[in-house]
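Residue numbers (my numbering), protein chains in the order written: chain B, 1 to 326; chain D, 327 to 652.
The structure appears right after this line, and notes come after that.
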């Protein structure tokens, strides 16, 4: 049994994960906003305090981080800059192995271990949401690269003269296809969230997420409203999803030419848009991926849902040395 | 000692390679043009007939091929389509291991084993010539991908609306930066090879290559004339090399974002153009590769010269399991 922890900008989650991947006793807490490093740490201690009977600790956390030490500086958690999360957890649970990796890596690992990547040796696991991230599995093993940062598919360049990106570059997949970029593009074309889209999000997935506090029209919910309006047939919202699909198709074509992949899985909010996203994605991918080895690639929505981050964090230990080499 | 064989469209080479990488008794023969499969095979047998005292056979051959079986269909050798090169060699040398891989892979492996990739765990070895190819080493091991085709950096997309590529797609790095594409682009801008450029190539590297027959103004020599004119200051020829550098910088930025590389080596004729190529390459790479893990990447000309293909073919066996996993 592994204690799995998933640390994000809006919430922290923990659970016990069995060797077969079953998730038990999940707990969630809102991540304190504008909190200092120790307040954040105490929240995490409160979250994990009830658990016992586990043999190791696996953690997925927002990047960037120093890997494999697990010194984290999550973009969405300003209170942690160079915070020694791995070291603190190792001190808290002496003698137990602690493994910390990027949350996007954990989602990819989960999908490889128990999702649509199962049994496929060469896989890119992507997440398309407020950011675009991923993890790369080649030869049945997680690829870390020199500093644990392999898998940053969000910064493959899809529009050389394209929009500025949070990374400091421009024209990256993330700069084009992340939710807020699509919302900004759609708004620039005249789109505003419809009343129906607002209601859908208010009644639907956002409140199910269990986020603390009342409904807020933040960047995440606006992205969900865009997707809802696209499903309802709004032409600008549909064009925005097609724009994301094109960019994803280009980046995936480049990735499979470089890595000769078997499968790409796509998770995150935007992946739930079905053919509105995957149709343009497939069209652009097939236009560019013409050699036999690239044609054989399949791109599918991720299988695992909201527990994926916890499953992947546990897999850092439960996967043997497949997902951890340092 | 390993018998190393390098099969290309214009020549076949063979040598004995010692465990320390020393190349001995190199022999070369012109690849018969317009020859059928058995004539090509007999030429190869003639080439390797004098060798004995080796423990295995390593082969680099133009792609595509079925890997790891070594059933080859080299683009530049029309007489071999699905030719069972690995099987034939295994039958010719019973009991000895035979390993056949893509020639671009062998160049990358050579550079990792004995060149500028030595001691670097995460490397992309590129060759920029009449084509653009490469091989990917991650976690100190050659990455094969699902079908042995990982490393096709030449088909990372650098101009989404760009020129058609031999692969059937368009906007690939190879479609922009391969020698013949640069020549065509320069000619479209009004460039013709200068008298000095012609003489340089006639006296220079082309004849040193030992190619059979008299001087021919073919695609390869025209590429060399373009590079020679760029060195002499011709503005269109310089712009053509800058165009290649830009495209390379973009593709390398995408590759290091995806794979978190330590070093990229570039071999092949164009890589000898020095700052005329590497200046624009660096400028574009640094414009796009802004995150710490991407900034740390160094891009250098390949160290090994014309023996690289033989060294890499031998390394398929001499590298233990680092460069071969099937």
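Where is the CB? At the ideal position from N, CA and C, for every residue including glycine.
For clarity, every value in this text was computed on a predicted model and none was experimentally measured.
(request) Would you kindly work out how many angstroms separate the C-alpha atoms of residue 357 of chain D and residue 412 of chain D, rounded to a whole number? (result) As a working note, residue 357 of chain D is residue 31 in the second chain. As a working note, residue 412 of chain D is residue 86 in the second chain. In a straight line, the C-alpha of residue 357 of chain D is about 18 Å away from that of residue 412 of chain D.
(request) Check the DSSP bridge columns for residue 409 of chain D and list the partner residues they point to. (result) As a position in the second chain, residue 409 of chain D is number 83, starting the count at 1. Note: residue 409 of chain D sits in a beta bridge opposite D:398.
(request) Go to residue 368 of chain D, then tell me how far its beta strand (DSSP E) extends in each direction, as first and last residue. (result) Position 42 of the second chain, counted from the start, is the residue given in the question as residue 368 of chain D. Segment 363-374 is the alpha helix (DSSP H) holding residue 368 of chain D; no beta strand (DSSP E) there.
(message) Does any residue of chain D have a CB that is nearer than 8 Å to the CB of residue 293 of chain B?
(response) Here residue 293 of chain B is taken as the residue at index 293 of the first chain, counted from 1. True, the Cβ-Cβ gap to chain D drops below 8 Å.
(message) Would residue 290 of chain B pass as an interface residue toward chain D - the criterion being a Cβ-Cβ separation below 8 Å?
(response) Mapped onto the first chain, residue 290 of chain B falls at position 290. Yes, residue 290 of chain B lies at the interface with chain D (some Cβ there is under 8 Å from its Cβ).
(message) Taking a contact to mean a Cβ-Cβ separation below 8 Å, would you say residue 108 of chain B touches residue 148 of chain B in this structure?
(response) Taking the first chain and counting its residues from 1, one reaches residue 108 of chain B at position 108. Taking the first chain and counting its residues from 1, one reaches residue 148 of chain B at position 148. No. Outside cutoff.
(message) Less than 8 Å between the C-beta atoms of residue 504 of chain D and residue 457 of chain D, yes or no?
(response) Your numbering for residue 504 of chain D matches position 178 in the second chain. Your numbering for residue 457 of chain D matches position 131 in the second chain. If you check the CB distance, residue 504 of chain D and residue 457 of chain D come in under 8 Å.
(request) Indicate the three-state DSSP secondary structure (helix, strand or coil) for residue 130 of chain B in the structure shown. (result) Start at 1 with the first residue of the first chain, and residue 130 of chain B comes out as number 130. Coil.
(message) If you reduce the DSSP assignment to three classes, tell me which class residue 6 of chain B lands in.
(response) Translated into the one-based positions of the first chain, residue 6 of chain B becomes position 6. Here residue 6 of chain B sits in strand by DSSP.
(request) Indicate the three-state DSSP secondary structure (helix, strand or coil) for residue 339 of chain D in the structure shown. (result) Numbered from 1 along the second chain, position 13 holds the residue referred to as residue 339 of chain D. In this structure, residue 339 of chain D counts as strand in the three-state DSSP scheme.
(message) Using DSSP's beta-bridge definition, name the partner residues of residue 99 of chain B.
(response) As a working mapping, residue 99 of chain B is identified with position 99 in the first chain. Partner(s): B:58.
(message) Against residue 332 of chain B, what residues of chain D qualify as contacts under a CB-to-CB distance less than 9 Å, listed in chain order?
(response) Residue coverage of chain B in this structure runs from 1 to 326, which leaves residue 332 of chain B outside it and unanswerable.
(message) Could you check whether the Cβ of residue 469 of chain D sits closer than 8 Å to any Cβ belonging to chain B?
(response) Position 143 of the second chain holds residue 469 of chain D. So yes, residue 469 of chain D belongs to the interface.
(request) Specify the secondary structure class of residue 53 of chain B as computed by DSSP and reduced to three states. (result) Within the first chain, residue 53 of chain B is the residue found at index 53, counting from 1. In this structure, residue 53 of chain B counts as coil in the three-state DSSP scheme.
(request) Could you round the C-beta distance between residue 636 of chain D and residue 341 of chain D to whole angstroms and report it? I think they count as a contact, below 8 Å. (result) As a first step, residue 636 of chain D must be located in the second chain, where it is residue number 310. As a first step, residue 341 of chain D must be located in the second chain, where it is residue number 15. With 8 Å as the limit, residue 636 of chain D and residue 341 of chain D qualify as a contact, their Cβ atoms being about 5 Å apart.
(message) I'd like to check one pair, residue 273 of chain B with residue 230 of chain B: are the Cβ atoms closer than 8 Å?
(response) Locating residue 230 of chain B in the first chain gives position 230, counting from the first residue. Locating residue 273 of chain B in the first chain gives position 273, counting from the first residue. Yes.
(request) Closer than 7 Å by beta-carbon distance: list the chain B residues that pair up with residue 326 of chain D, in chain order. (result) The structure shown does not extend to residue 326 of chain D, since chain D spans only 327 to 652, so no value can be given for it.
(request) Output the distance between the C-alpha atoms of residue 416 of chain D and residue 351 of chain D, rounded to the nearest integer angstrom. (result) Mapped onto the second chain, residue 416 of chain D falls at position 90. Mapped onto the second chain, residue 351 of chain D falls at position 25. Roughly 22 Å separates the two Cα atoms.
(message) What residue range does the alpha helix (DSSP H) around residue 606 of chain D cover?
(response) For the purposes of this step, residue 606 of chain D is taken as the residue at position 280 of the second chain. From DSSP, the alpha helix (DSSP H) with residue 606 of chain D extends over 601-614.
(request) Look up residue 265 of chain B in the DSSP assignment and give the residues it is bridged to. (result) As a working note, residue 265 of chain B is residue 265 in the first chain. Looking at the DSSP assignment, residue 265 of chain B forms a beta bridge with B:125, B:300.
(message) Which residue marks the beginning of the alpha helix (DSSP H) containing residue 570 of chain D, and which one marks its end?
(response) By 1-based counting over the second chain, the position of residue 570 of chain D is 244. Looking at the DSSP string, the run of the alpha helix (DSSP H) that includes residue 570 of chain D is 561-585.
(message) Can you list, in chain order, the residues of its chain with a C-beta nearer than 7 Å to that of residue 121 of chain B? Leave out the 5 residues immediately preceding and following it.
(response) As a first step, residue 121 of chain B is located in the first chain; it is residue number 121 there, counting from the start. Leaving aside the five residues that flank residue 121 of chain B on each side, the residues in its chain whose CB is nearer than 7 Å to its CB run, in chain order, 139, 140, 262.
(request) Could you check the C-alpha separation between residue 254 of chain B and residue 51 of chain B for me, to the nearest Å? (result) Here residue 254 of chain B corresponds to residue number 254 of the first chain, with the count starting at 1. Here residue 51 of chain B corresponds to residue number 51 of the first chain, with the count starting at 1. About 43 Å.
(request) Would you mind sorting residue 550 of chain D into buried or exposed? The rule is 16 or more other CB atoms within 10 Å of its CB. (result) Taking the first residue of the second chain as 1, we reach residue 550 of chain D at position 224. Per the 10 Å Cβ criterion, buried.
(request) Identify whether residue 106 of chain B lies in helix, strand or coil by the three-state DSSP scheme. (result) Numbered from 1 along the first chain, position 106 holds the residue referred to as residue 106 of chain B. Helix at residue 106 of chain B.
(request) Give the range of the alpha helix (DSSP H) segment to which residue 636 of chain D is assigned. (result) Position 310 of the second chain, counted from the first residue, corresponds to residue 636 of chain D. Segment 634-644, the alpha helix (DSSP H) holding residue 636 of chain D.
(message) Give me the chain A residues within the contact set of residue 168 of chain B, using Cβ-Cβ distance strictly less than 8 Å, ordered along the chain.
(response) Of the protein chains in the structure, B and D, none is chain A.
(message) For residue 321 of chain B, would you say it is in contact with chain D, using Cβ-to-Cβ distances shorter than 8 Å as the test?
(response) Within the first chain, residue 321 of chain B is the residue found at index 321, counting from 1. No - not a single Cβ of chain D is within 8 Å of the one on residue 321 of chain B.
(request) Name, going along the chain, the residues of the region 258-292 of chain B whose beta-carbon falls closer than 8 Å to a beta-carbon of chain D. (result) 258, 259, 260, 261, 262, 287, 288, 289, 290, 291, 292
(message) Checking the sheet assignment: what are the DSSP bridge partners for residue 349 of chain D?
(response) One-based indexing of the second chain puts residue 349 of chain D at position 23. The partner list for residue 349 of chain D (beta bridge, DSSP) reads D:343.
(message) On the criterion of 16 or more Cβ atoms from any shown chain inside 10 Å, does residue 389 of chain D qualify as buried, or is it exposed?
(response) Within the second chain, the letter at position 63 stands for residue 389 of chain D. Its Cβ being crowded by 16 or more others within 10 Å, residue 389 of chain D is buried.
(message) Classify residue 39 of chain B: buried if its beta carbon has 16 or more other beta carbons within 10 angstroms, exposed otherwise.
(response) Sequence index remark: in the first chain, residue 39 of chain B carries index 39 (1-based). Its Cβ having fewer than 16 others within 10 Å, residue 39 of chain B is exposed.
(request) Would you mind working out which of D:423, D:518, D:597, D:420 sits nearest residue 629 of chain D, comparing C-alpha positions? (result) Within the second chain, numbered from 1, the residue matching residue 629 of chain D stands at position 303. Nearest of D:423, D:518, D:597, D:420 to residue 629 of chain D, Cα basis: D:597.
(message) Does residue 111 of chain B pass the burial test, meaning 16 or more other C-beta atoms within 10 Å, or should it be called exposed?
(response) Here residue 111 of chain B refers to the residue found at position 111 of the first chain. Under this definition residue 111 of chain B is a buried residue.
(message) Check this for me: beta carbons of residue 197 of chain B and residue 245 of chain B, under 8 Å apart or not?
(response) Taking the first residue of the first chain as 1, we reach residue 197 of chain B at position 197. Taking the first residue of the first chain as 1, we reach residue 245 of chain B at position 245. For residue 197 of chain B and residue 245 of chain B, no; Cβs fall outside 8 Å.
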